[in-house]
Structures are given as C-alpha cells and as structure tokens.
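Step one of this worksheet: look at the structure below.
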Amino acid sequence: MEPLSRDTGAVLERAYASGIERLLIPAVSEDNWDACIALSVFPGINCALGIHPWWADDDVDIKFLQEKLEESGAVAIGEIGLDWKTEVPRQKQFVLFEKQLQLAQKMDLPVIIHCRNAFEEMLEVLEKIPVRGVIHAWSRGPQLMNRFLDAGLYISFGGAITRSDAKKAHRSAKLVPSDRFVLETDSPSIGLADVAAGKTEPRHLAQIAQVMSVIRGESLEEIKEAAWVNSLALFGNIDESKI
Ligand SMILES: [Zn+2]
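So for the sequence shown, our numbering puts the first residue at 143; every next one is plus one.
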C-alpha cells in the first residue's frame, strides 16, 4: 500500500534492521492480491488473501479466492470482517464474510478479522461458523475481549496501545493471556502516539512491543518470545508454505 509501496526495499530493510524476522502481509481486495503474493517471495514474509468489508460486493468470486490461496501458499484469509462505520450495506458484508469463513473452514486456514462497531453481530456469526484466527487492532476493554477469547480467537494489539488515553486497550493488553496475543502495526494505516496514521511502517513494531512490555510488567524478551510463539501457533512456520 502507498506510501510503503513507493520504496518497499527500504521499508523492509528498516524492518529487518529493527529486529523483525517475520512479516505477515494481509490483502484487502482482489486488486492487491498479486502485490501481496509478490512480496511473499522474500524471506520471512507470508501473505494473507481475502476481501475486506469495505470492498464487499455481490459479484465476489469465492472460487477464484480459493484458487489464489492454493497457488500462492498464503497462510491465512484476511482481512475479512464486518465494519458498521462504512457505507457498504451490512447485508453485503454479512454474505461476503460468511462465505470467507466457510472457505477458511474448508481449507483449514486461520482468518484475520477486521471488526468495527459490529462486535455483537461478529460474535453471532463466529458462533455459527467457528474458525481459528485473530481479531486485529484490538482497542476495546477486557470484558468484550474475553468473549472473543472464549470464541477461540487470538487478540492482536497495535498502535492504539501506544496512546496514553487508550485506557480500555491498556486494560486488555494487561489482561490478555500470554499465549493468546500477537502484535501488529497495520502499517501504514494505524498511527502511534508519535507517528501519524498513514505514516507507520513495520519497523514500528519494536515500539509497540516496548509499550506492551511496560503495560504487562514483563521484559521485552518475554513479550517478543510470546508474540513469536503465538504467531507460529496461529499461522504456522515461516517458510513452510513456500516449499
Ligand atoms: Zn482492519
């Protein structure tokens, strides 16, 4: 995505230099599947393919998604989900989301879930079509988080926890079990306390891990280790999918 795609090599070099060994790059629409697949040839990079609710439409070809997932060795389906803050009709979002969940079940792939203001409906759908996966960019409190943990999902923390006023997200980050969280940047979209939205890069993960360590009162090493182990449990080993 712009602006990262203007100089992908430099972005990746800065990411590796910051200590990152593995990146998972999720797609948002059919238009950027090939770009994500192209990036996944680099060491330590995997892609996820899917259709984000903002691009929900009636003529989505789920068979084509399945073919692309199979031939690319993508390790997850994502981002997919429900977003009540967009204009896209809810019914279209439900239909697309459920089709992609069913595909995840059929292919035994984890999902990366995007959810904005649709938490009750999301929990209902997940009860109907249970999957493995993660809910990304968590910013809500522990009570709601626990319901997603009960539904079997991992919780992903990103830029929100770097903001001092994000009290709910801080409480969740403190209470999430150490074997159930992962870390993300969602770059370039989600900002940090001192980096504007649209301007973040994968290298900012180091800052998010640092904040997580302070919030949880655990060492940075412990945070990194937990996030690493959990990401492997969720998405499998780094390059296995490329054999
Ligand atoms: Zn998202």
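Virtual Cβ for every residue (Gly too), placed ideally from N, Cα, C.
Helix, strand or coil: how does DSSP classify residue i here?
i	result
Ile350	helix
His312	helix
Pro168	strand
Leu251	coil
Ala190	strand
Arg148	helix
Glu221	strand
Phe91	With the chain covering only 143 through 385, there is no way to say anything about residue 91.
Val202	coil
Ser298	strand
Val318	coil
Val183	coil
Val371	helix
With distances taken from CA atoms, which of the options is nearest residue i?
i	options	result
Ala302	Leu295, Ser281, Leu317 and Ser314	Ser281
Ser147	Leu181, Arg164, Leu166 and Leu165	Leu181
Leu154	Leu211, Val318, Trp175 and Ile187	Ile187
Ala368	Ala351, Val356 and Gly378	Ala351
Ile365	Gly275, Gly151, Pro319 and Pro231	Pro319
Trp196	His256, Lys248, Val353 and Val356	His256
Arg313	Ile271, Pro284 and Ile332	Pro284
Glu269	Leu243, Leu374 and Leu251	Leu243
Gly340	Ala348, His346, Gln349 and Pro330	Pro330
Lys210	Trp175, Glu363, Arg345 and Gly294	Trp175
Gly161	Leu347, Lys310, Gly151 and Trp226	Leu347
Gly294	Ser355, Asp307, Lys310 and Ile277	Ile277
Glu240	Ile271, Thr228 and Thr150	Ile271
Ala152	Gly378, Arg345 and Asn379	Arg345
Tyr158	Pro185, Lys227 and Asp307	Pro185
Met249	Lys205, Glu229 and Asp328	Lys205
Just to confirm before moving on: does the CB-CB distance between residue i and residue j stay below 9 Å?
i	j	result
Ala254	Pro168	Looking at the sequence itself, residue 254 is Ile, so the reference to Ala does not match. Yes. Within cutoff.
Leu238	Ile222	yes
Arg358	Ala315	yes
Lys234	Asp203	no
Glu326	Arg156	no
Asn288	Asp321	no
Leu334	Arg305	yes
Leu224	Ala190	no
Val337	Phe299	no
Asp193	Ser171	Checking the displayed sequence, the identity of residue 193 turns out to be Ile instead of Asp. Yes, they are a contact pair.
Phe236	Glu263	yes
Leu165	Ala216	no
Leu207	Arg274	no
Pro231	Ala177	no
As an exercise, report each continuous alpha helix (DSSP H) stretch of at least 4 residues that is fully enclosed by the stretch 224 to 295, in chain order. For the stretch 224 to 295, whole alpha helix (DSSP H) runs of length 4 or above, ordered along the chain, are 232 to 249, 261 to 270 and 284 to 292.
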